[in-house]
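Residues in the sequence shown are numbered consecutively from 1, following the UniProt record's numbering.
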Amino acid sequence: MSSPAATTTGLDPAVQNDNLIRRVHGQEHGNTSREEVNGSAESDNDTRRKVKKVIRSKYRHVEAVHSQSRPSCLSHDTTESPSFLGFRNLMVIVLVVGNLRLIIENIQKYGVLICIGCHDFRKSDINLGLLLYFLIPCHLFIAYIIEYYAAVKARDERDAIAASKQDSKDGTSSPTEEQHRKFQSTWKLVRMLHAINVTTALAFNSWVVYYYIHHPLIGTLTEIHAIIVWLKTASYAFTNRDLRHAYLHPARGELDALPELYAQCPYPQNITMGNLCYFWWAPTLVYQPVYPRTDKIRWGFVAKRCGEVVCLSVFIWFTSAQYATPVLRNSLDKIASLDIPSITERLLKLSTISLIIWLAGFFALFQSFLNALAEVTRFADRSFYDEWWNSESLGVYWRTWNKPVYQYFKRHVYSPMRSRGWSNGTASVAVFFLSAVLHELLVGVPTHNLIGVAFLGMFLQLPLIQMTKPLEKKKSSNGKLLGNIIFWVSFTIFGQPFAALMYFYAWQAKYGSVSKMASAQQLIQQGQGTCPPLV
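So this is what it looks like as structure tokens:
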């Protein structure tokens, strides 16, 4: 049977190829006319490429397969790094299939543990939580009243300085000694009022949560709200103090040290209720008189981010109830008997679940919720996190995963201490000490167990940071790879799972099954109870 090419042209493909070769060969030996020789060079090049391809098709058995020296794809001396996209896809498939198997196994073993009506949401907890939700922001408005009073006094002092400058013979500005004493007492009063307000904002709300709100979820939400407002109130006071100082010393050129952005709303024009309310809702902990703003609100973007928050919140609730709770409950007797191998096994099993919950919570908060809030408030700077998952050390992780908190402590704790002559190590210790205290309050107060695990887990990051710090400076990929592995191991195994296990055990020892078991054992030992017979 003839080929399609043969039926079309009437010639066998091999004959056509030979004719093409002879025609080009004839051109090379001058067997063509002058008009053909003066043809377009581009057409001639195309013909030569076709001939070369035809010749190669005739001699397939002699094709040079090994024509150059090349290393294996995975060898260290390869010139180009191979892509592992396929392995990434494989790992995703293995992860999905493995977790699907665990889902089936979990449901077969425990059944469906989701129960909306099983949560112990007491009416008093709900009422107190709602009351504190409206009372906590009042501390910001108290700070506004204090700053409004300070702004009025600052205008008076500047007017007095200007008047003394006009009265002086040499033209220098120097208030009288009595005016100086009066203003100094005013600034001391402002500092004292701010200190009382800031301390009350955190201490009072933590006291109410610890002693009067039983449910840990309501307590956690309330404590988070209190800590955020506490940080914002302190930032509002610190920032306006520096702005006020620069406002009162214009002759020294200190106003030039302020960011150019602040010129849009100079002190004391920023002391307004509208300015404070924007800072109250802005997705940042650091106060500025002016923030970069977007032109409009994209409500479709807001709807998508809110949908992500809802879906991820449901996922976290489902995962916590269906997977984390059984693992935690099955660990109680192991912890009570100090069965180290079993505790280690429970810890490793919990690490996967806690990591999934943490990643979902991270995305829900930093990507979805904060972006939705930023869009509604037209807040333009949305760098809430960086590529923390590629961290070469623990120090890089703490600087990149939660940038609002990192920027806050750098601006209001670390940098002021460094400018006052404190060493880098001392300033870092102060930052991590304060952060560790807040972590302990955030976890220990809602669970009514200030056992220090969260404090130590945070504060002991300092030696780990120093140990992994040299890996940041490694130029080789192996050093960065080792640092990233150390980060993930410490993060997934020895960090959150252990803290979750300890606080869950402490809660159960105080309110749950462990405390009831201990009470029953005491009754049995006292002869007031009997053990059921073994069947």
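Cβ coordinates follow ideal geometry from the N, Cα and C atoms, glycine included. A quick note: this is a predicted structure, and the numbers were derived from the prediction, not measured.
What did DSSP end up calling residue i once you bin it into helix, strand or coil?
i, result
"residue 298", "coil"
"residue 293", "strand"
"residue 121", "coil"
"residue 433", "helix"
"residue 141", "helix"
"residue 379", "strand"
"residue 452", "coil"
"residue 421", "coil"
"residue 57", "helix"
"residue 445", "coil"
"residue 306", "helix"
"residue 249", "coil"
"residue 82", "coil"
"residue 311", "helix"
"residue 460", "coil"
"residue 241", "helix"
"residue 208", "helix"
"residue 512", "coil"
"residue 284", "coil"
"residue 409", "helix"
Give the straight-line distance between the Cα atoms of residue i and residue j, rounded to the nearest whole angstrom.
i, j, result
"residue 387", "residue 189", "44 Å"
"residue 53", "residue 489", "56 Å"
"residue 342", "residue 496", "18 Å"
"residue 263", "residue 152", "20 Å"
"residue 47", "residue 63", "21 Å"
"residue 129", "residue 336", "33 Å"
"residue 443", "residue 268", "39 Å"
"residue 97", "residue 437", "41 Å"
"residue 537", "residue 71", "Residue 537 is absent from the structure shown; the chain starts at 1 and stops at 535."
"residue 197", "residue 451", "27 Å"
"residue 355", "residue 494", "12 Å"
"residue 407", "residue 110", "44 Å"
"residue 538", "residue 470", "Residue 538 lies beyond the range of the chain shown here (1 to 535); nothing can be said about it."
"residue 429", "residue 462", "8 Å"
"residue 259", "residue 290", "10 Å"
"residue 375", "residue 75", "48 Å"
"residue 498", "residue 487", "16 Å"
"residue 282", "residue 274", "12 Å"
"residue 93", "residue 86", "11 Å"
"residue 202", "residue 226", "6 Å"
"residue 325", "residue 478", "38 Å"
Can you round the beta-carbon distance between residue i and residue j to whole angstroms, since I take them to be within the 8 Å contact cut?
i, j, result
"residue 364", "residue 313", "6 Å"
"residue 403", "residue 385", "6 Å"
"residue 241", "residue 154", "Wrong, their Cβ atoms sit about 10 Å apart, outside the cutoff."
"residue 125", "residue 213", "5 Å"
"residue 327", "residue 357", "So it is not a contact: roughly 12 Å between Cβ atoms."
Grab me the residues of residue i's own chain with a C-beta within less than 7 Å of its C-beta, minus the 5 sequence neighbours each way, in chain order.
i, result
"residue 292", "380 and 381"
"residue 272", "none"
So, is residue i buried or exposed, given that buried needs 16 or more other C-beta atoms within 10 angstroms?
i, result
"residue 79", "exposed"
"residue 299", "exposed"
"residue 232", "buried"
"residue 370", "buried"
"residue 270", "buried"
"residue 480", "buried"
"residue 207", "exposed"
"residue 104", "exposed"
"residue 222", "buried"
"residue 439", "buried"
"residue 68", "exposed"
Tell me which residues share the same chain as residue i and place their Cβ nearer than 6 Å to its Cβ, disregarding the 5 neighbours each side in the sequence.
i, result
"residue 113", "321 and 322"
"residue 183", "157"
"residue 360", "312, 315 and 316"
Using a Cβ-Cβ cut-off of 8 Å (strictly less than) and excluding sequence neighbours within five positions of residue i, which residues of its own chain qualify?
i, result
"residue 334", "342, 343 and 346"
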